[in-house]
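Just add 8 to the spot in the sequence shown (first one is 1) and you have my numbering.
Using N, Cα and C, we set each Cβ at its ideal position, and we do this for glycine too.
All figures in this text were calculated on a predicted structure; none of them were measured in a lab.
To start, the structure under review is shown below, and the notes come after it.
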Amino acid sequence: MGFQKQNSASMAGKSVILLSLLGVLLPALFLGYMLHTKWLKPLTLLEQIRDDGRLIAITTKGATTYFDSVNGPAGLEYELVTAFAKELGVSAEFVFSRDSEEIASKLRSGKAHLAATGATPPNAVRKLNHGPVYQQVTSQLIYRSGHARPASIDELTSGILEVPSGSPEDALLQKLQQSGDLELQWTASDGTDFEQLMTLVDEEMLDYTV
Numbered sequence: 009m010g011f012q013k014q015n016s017a018s019m020a021g022k023s024v025i026l027l028s029l030l031g032v033l034l035p036a037l038f039l040g041y042m043l044h045t046k047w048l049k050p051l052t053l054l055e056q057i058r059d060d061g062r063l064i065a066i067t068t069k070g071a072t073t074y075f076d077s078v079n080g081p082a083g084l085e086y087e088l089v090t091a092f093a094k095e096l097g098v099s100a101e102f103v104f105s106r107d108s109e110e111i112a113s114k115l116r117s118g119k120a121h122l123a124a125t126g127a128t129p130p131n132a133v134r135k136l137n138h139g140p141v142y143q144q145v146t147s148q149l150i151y152r153s154g155h156a157r158p159a160s161i162d163e164l165t166s167g168i169l170e171v172p173s174g175s176p177e178d179a180l181l182q183k184l185q186q187s188g189d190l191e192l193q194w195t196a197s198d199g200t201d202f203e204q205l206m207t208l209v210d211e212e213m214l215d216y217t218v
């Protein structure tokens with residue numbers, strides 16, 4: 009009798025210990041499973057943006073995209089990106105580039121979440137996802153007032169023509185040259201934007217820009 013009571017007490021004690029361990033281990037295992045599945049499942053781009061608290065957009069500086077006004081940053085792309093970031097509950101940050109290869113690289117590496125350049129995507133970024141078309145932009149040949157106005161691109165046989173390297177304008181000129189519609193050689197410069205080139209045209213250091 010004494011042995012049976014002792015054995016029963018021992019078994020009861022073991023059951024209590026086992027239940028106690030299960031009470032500790034099961035929540036821990038459940039929490040571990042939840043954390044494990046969360047870390048295994050990659051965050052979506054939207055989740056990354058909200059988790060980081062900022063929306064990084066790559067754009068170009070220009071009158072129709074982003075420019076510094078007397079009241080601060082302005083421009084269509086600036087307004088759209090800022091409004092989108094506000095809708096997401098995050099801040100908007102901007103980086104700048106006119107080089108299509110650099111734009112594509114920053115998007116693929118996650119250094120920028122979206123590109124808002126106000127131009128048709130060149131070949132370098134065509135394999136990325138694109139949003140709907142929301143504006144039409146026509147390329148214009150810029151020359152200094154008072155100089156002879158070219159009737160068409162075919163007339164450009166002499167003069168200094170310069171555009172930003174890797175820009176949509178550079179890609180356009182390459183396409184025109186390949187089709188035989190442009191004979192004039194141009195310079196594709198690094199580190200200059202459209203406003204700077206317009207200033208050089210006005211100062212007669214360049215004949216044309218696009």
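With fewer than three CB-CB distances shorter than 8 Å, the stretch 145-153 does not count as touching the stretch 111-121.
The three-state reading of DSSP puts residue 77 in strand, counting E and B together. Nearest neighbour of residue 172 by Cα position, chosen from 184, 206, 165 and 183, turns out to be 206.
Contact check for residue 185 against residue 177 fails: the beta carbons are separated by 9 Å or more. The beta strand (DSSP E) runs of length 3 or more contained entirely in the stretch 124-202 are, from start to end of the chain, 170-172 and 195-197.
As a beta-bridge residue in DSSP terms, residue 103 pairs with 66. Within the same chain, Cβ atoms closer than 6 Å to the Cβ of residue 86 are found at 74, the five residues on either side in sequence being excluded. Contact check for residue 96 against residue 58 passes: the beta carbons are separated by less than 9 Å.
In this structure, residue 104 places its C-beta atom within 9 Å of the C-beta atom of residue 67. Measuring C-alpha to C-alpha distances from residue 217 to each of 180, 119, 78 and 92 identifies 180 as the nearest.
Secondary structure note for residue 215: it is in no alpha helix (DSSP H), with a DSSP letter that is neither H nor E. The DSSP-derived three-state label of residue 91 is helix.
Going by DSSP, residue 114 is part of the alpha helix (DSSP H) stretching over 108-117.
With a cutoff of 9 Å on beta-carbon distance, residue 201 and residue 70 are scored as near each other. With a beta-carbon spacing of about 37 Å, residue 152 and residue 101 fall beyond the 8 Å limit used to define contacts. A buried status is given to residue 169, since no fewer than 16 other beta-carbon atoms sit within 10 Å of its beta-carbon. Using a Cβ distance threshold of 9 Å, residue 149 and residue 99 do not count as a contacting pair.
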